[in-house]
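Number of protein chains: 2
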Amino acid sequence: MGVTIHDVARAAGVSVASASRALSGRRKVTPEVAERVTRAAAELGYQPNAVAKALRDRTTGTVGMVVPGIGNPFFTTMVEAVEHQLQKSGRDLLLCASQYTPEIEARRLNTLLARRVDGLIISPCDFEASAPAVLNAARQVPLVQVDRYIEGGGADWVGVDDDSALAQAVDHVVAGGARSVVFVSSRLMNSSARLRLAGFQLATARAGVDSGAPLLGEFTLDWGFEAGRRLLADGTLPDAVICGNDEIAVGLLRALRLGGVRVPEEVSVVGFDDVGHATMCDPPLTTVRQPVEEMAAEVVRLLGQVRVSDPRPAQRLAIAPRLVVRETSRPVTSGADTIAAAGIVAGNGQEEEEVA
Amino acid sequence: MGVTIHDVARAAGVSVASASRALSGRRKVTPEVAERVTRAAAELGYQPNAVAKALRDRTTGTVGMVVPGIGNPFFTTMVEAVEHQLQKSGRDLLLCASQYTPEIEARRLNTLLARRVDGLIISPCDFEASAPAVLNAARQVPLVQVDRYIEGGGADWVGVDDDSALAQAVDHVVAGGARSVVFVSSRLMNSSARLRLAGFQLATARAGVDSGAPLLGEFTLDWGFEAGRRLLADGTLPDAVICGNDEIAVGLLRALRLGGVRVPEEVSVVGFDDVGHATMCDPPLTTVRQPVEEMAAEVVRLLGQVRVSDPRPAQRLAIAPRLVVRETSRPVTSGADTIAAAGIVAGNGQEEEEVA
DNA sequence: CTGAAAGCGCTAACAG
DNA sequence: CTGTTAGCGCTTTCAG
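As given, the protein sequences belong to chains A and B, one line each in that order.
According to full-length UniProt numbering, the first sequence is numbered sequentially starting from 1.
According to full-length UniProt numbering, the second sequence is numbered sequentially starting from 1.
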């Protein structure tokens, strides 16, 4: 360690200024100087100190990202997509997990801020409890929320159009003949859980089908399994179950199979996310696919537009998802298949709305 | 942004030195000064600039970690465990994925080095191709490898004792009556794949059972599924299949079920890792559990002992794993169960060996 | 085109 | 106990 630009300059017989210019290429130097500096740097194994550069430039080339947990395949997929987008502009990602805990989340935001990230991407773990820390961070640095958001609309957000998603899911099972459908999801402590439940209720009301009390727990395999057991214990199974994410769906599927229930003959199951193991579970899962790459692209695009000094109204970008039909849902019966087809087509657009 | 310690000092009517001392508490100041500084800092919303501190201290309080991919649950589990350990000493983790590509890996190592991380934890994606970049990094900063390592033993490593692991797995299925067993794993481009295959061959030879040609592809669900199809296509199934990781095992299980093969009645299946969905697949997977928390603890302990300036011989720490018997393997028959029991007991120790 | 020098924000001597 | 000052490594005016 420890070879600085001074060492390079000395070895090349020029001033540090020239060395800096030659190395960065941001200003003209004689070809000969350029050559000497480049060689000296190579010979000494010079590696620029990004910390010093950051201090001087007041910018780190770094974006912080905070997600609830990296155990959830949806978030890891999103992280990879964001990293991929950032790479295009040569920036790096600092990744943190809040472990679904607002206190840890706040601490993570603060250390990211202390490290002077140029921007922040966050999926706040709690609709209410995350708000103060997120708002505070948004005041210091460009920030955009992804997937989940905090109450009050104080910061930009990119996510999926949950109303469209649930409408597609509900219409699809209804087209398959379902008359009763229940929703298994997470408790309402984050925006996704709220929006999806609302979308579900809207869609079932409009379709005029029977929706029992929703089963609300966590976005986990375990909860899906547990919910499946409860459904079985109830004695009277619904025609279809729509799940808040794929983890839940896979757990539920397993409980159902253990209970001797045939899917999709006796009950249809629809998931949400289409990341990870949806194609490999048994039977392959019908699910709503989140347009993760698109979302990631929008997130970094938005991040580049945010100006902390001159705030504009917060933007919300809800990208319409697409239902992917596999084998856990009954095939469409009768002429109703036009509905499902329409749902798929409608899912390709993109909506933009502004929020007060 | 932009409230510095100078602002705080001025507001408190003291020098920057006193402000710094009061804030850090690393030196005595009058209670009154302490009080005034603290209040000024709070009122101004002062947030120390970690970049400046890092430049001054020549240490960032940051450890970089590079794993092949965060899509693999084993690595995410390991990352979480490492983060957890690091937190105890107040350090932060900078996480990068090499995407199983040596070039990306090398680039990631360099930006981490440029950002002056205090240490590096890496699971090199390729046994050979990763070596130059890893060795170069190890020359600049304390570095410990985890799970995978590069050829030549030039850097510390913490991992699992694959010989013990495979011996336990093989002895277990043999105790259940298996006479032929095949190994499904990854191609040999990383150390884990090599060690596990070697361990498998050793164990089957010692047990005197028939091991066909190993099926080597990738550490993925898809490969497991594909391998299952090939086994089925062969017409003659082995009594047991041992897999290089759980992803493979889950994919294999699915192919087998689709092919109408009953597990474990017709063939036993054993996985490796015991992270993620091993308990939730159907039937629950018998697998070798990696002691992830222990490994993470050893990694950060070792990291604190490495001195770049005064290198000591590279250490290798192979922690013995434990076989977790669930429902994809046949129960032990006859008196042979003493073997399996011995395997489990032997698996609780910890071995340390030094490498040339 | 090149060099000298200032300064990013912070902490640790070094005096007082 | 407190203040002044140097300097971490870098880039960028500002003169020449």
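Heads up, the beta-carbon is just placed ideally off N, CA and C, and yes, glycines get one too.
Computed from a prediction, not measured in an experiment: that's the story for all the values here.
Take the Cβ of residue i as the centre, count every other Cβ of all protein chains shown within 10 Å, and call the residue buried at 16 or more, exposed below.
i             : result
residue 211/B : buried
residue 179/A : exposed
residue 267/B : buried
residue 301/B : exposed
residue 335/B : Bear in mind that the predicted position of residue 335/B carries a pLDDT of just 45, short of 50, making it unreliable; the figure below should be weighed with that in mind. Flag for residue 335/B reads exposed.
residue 73/B  : buried
residue 87/B  : exposed
residue 128/B : exposed
residue 59/B  : exposed
residue 290/B : buried
residue 277/B : buried
residue 168/B : buried
residue 315/B : buried
residue 130/A : buried
residue 159/A : buried
residue 89/B  : exposed
residue 307/B : exposed
residue 366/B : Outside the shown range of chain B (1 to 356) lies residue 366/B, about which nothing can therefore be said.
residue 42/B  : exposed
residue 247/B : buried
residue 116/A : buried
residue 192/B : buried
residue 286/B : buried
residue 35/B  : exposed
Going by DSSP, what residue range makes up the beta strand (DSSP E) through residue i?
i             : result
residue 240/A : 240-243
residue 5/A   : Segment 5-12 is the alpha helix (DSSP H) holding residue 5/A; no beta strand (DSSP E) there.
residue 225/A : Segment 221-234 is the alpha helix (DSSP H) holding residue 225/A; no beta strand (DSSP E) there.
residue 200/A : Looking at the DSSP string, residue 200/A is not in any beta strand (DSSP E); the run it does join, the alpha helix (DSSP H), is 191-207.
residue 186/B : 181-186
residue 324/A : 322-324
residue 15/A  : No beta strand (DSSP E) contains residue 15/A, which DSSP labels as neither H nor E.
residue 92/A  : 92-97
Along chain A, in chain order, which residues have C-beta atoms closer than 9 Å to that of residue i?
i             : result
residue 60/B  : 51, 115
residue 277/B : 221, 250, 277
For a contact defined as C-beta to C-beta under 7 Å, what are the partners of residue i on chain A?
i             : result
residue 153/B : Residues of chain A passing the Cβ test: none, with the nearest at roughly 23 Å.
residue 282/B : 254, 257
residue 55/B  : 51, 52, 55
residue 296/B : The contacting residues do not exist; residue 296/B stays about 14 Å from chain A at best.
So residue i contacts chain A; which residues on that side make the cut at Cβ distance below 8 Å?
i             : result
residue 48/B  : 114
residue 225/B : 280
In chain B, what lies closer than 7 Å to residue i by C-beta?
i             : result
residue 359/A : No information on residue 359/A is available, as it lies outside the stretch 1 to 356 that chain A covers here.
By alpha-carbon positions, which one of the options ends up nearest to residue i?
i             : options                    : result
residue 189/B : 68/B, 16/B, 2/B, 44/B      : 68/B
residue 284/B : 254/B, 307/B, 311/B        : 254/B
residue 320/A : 161/A, 238/A, 102/A, 214/A : 161/A
residue 65/B  : 55/B, 79/B, 58/B           : 79/B
residue 85/B  : 238/B, 29/B, 202/B, 63/B   : 63/B
residue 259/B : 230/B, 279/B, 275/B, 277/B : 230/B
residue 113/A : 92/B, 191/B, 132/B         : 92/B
residue 125/B : 145/B, 111/B, 115/B, 119/B : 145/B
residue 120/A : 141/A, 295/A, 331/A        : 141/A
residue 257/B : 312/B, 233/B, 228/B, 6/B   : 228/B
residue 366/B : 295/B, 133/B, 238/B, 303/B : Beyond the ends of chain B as shown, which are 1 and 356, falls residue 366/B; an answer cannot be given.
residue 317/A : 33/A, 294/A, 23/A, 325/A   : 294/A
residue 222/B : 252/B, 14/B, 262/B         : 252/B
Got a sec, what are the start and stop residues for the alpha helix (DSSP H) residue i sits in?
i             : result
residue 79/B  : 73-87
residue 295/A : 292-305
residue 170/A : 162-175
residue 139/A : 131-140
residue 178/B : Taken as a continuous stretch (DSSP letters only), residue 178/B belongs to no alpha helix (DSSP H), as it is neither H nor E.
residue 44/B  : 31-44
residue 310/B : Taken as a continuous stretch (DSSP letters only), residue 310/B belongs to no alpha helix (DSSP H), as it is neither H nor E.
Could you tell me which chain B residues have their CB closer than 8 Å to the CB of residue i, listed as they occur along the chain?
i            : result
residue 97/A : 80, 83
residue 70/A : 70, 76, 79, 80
Measuring only from the beta carbon, is residue i closer than 8 Å to any heavy atom that is part of the ligand GTP?
i            : result
residue 55/B : No copy of the ligand GTP appears in this structure; indeed no ligand is present at all.
Residues within the region 109-138 of chain B neighbouring chain A, beta-carbon criterion of under 8 Å: 110, 111, 113, 114, 115, 116
Interface positions of the region 72-87 of chain B facing chain A (Cβ-Cβ less than 8 Å), listed along the chain: Cβ contacts with chain A come from 73, 76, 77, 79, 80, 83.
Interface positions of the region 299-320 of chain B facing chain A (Cβ-Cβ less than 8 Å), listed along the chain: Those residues of the region 299-320 of chain B that come within reach of chain A (Cβ to Cβ, closer than 8 Å) are 308.
Where the region 183-204 of chain A meets chain B: residues whose CB sits under 9 Å from a CB there: none
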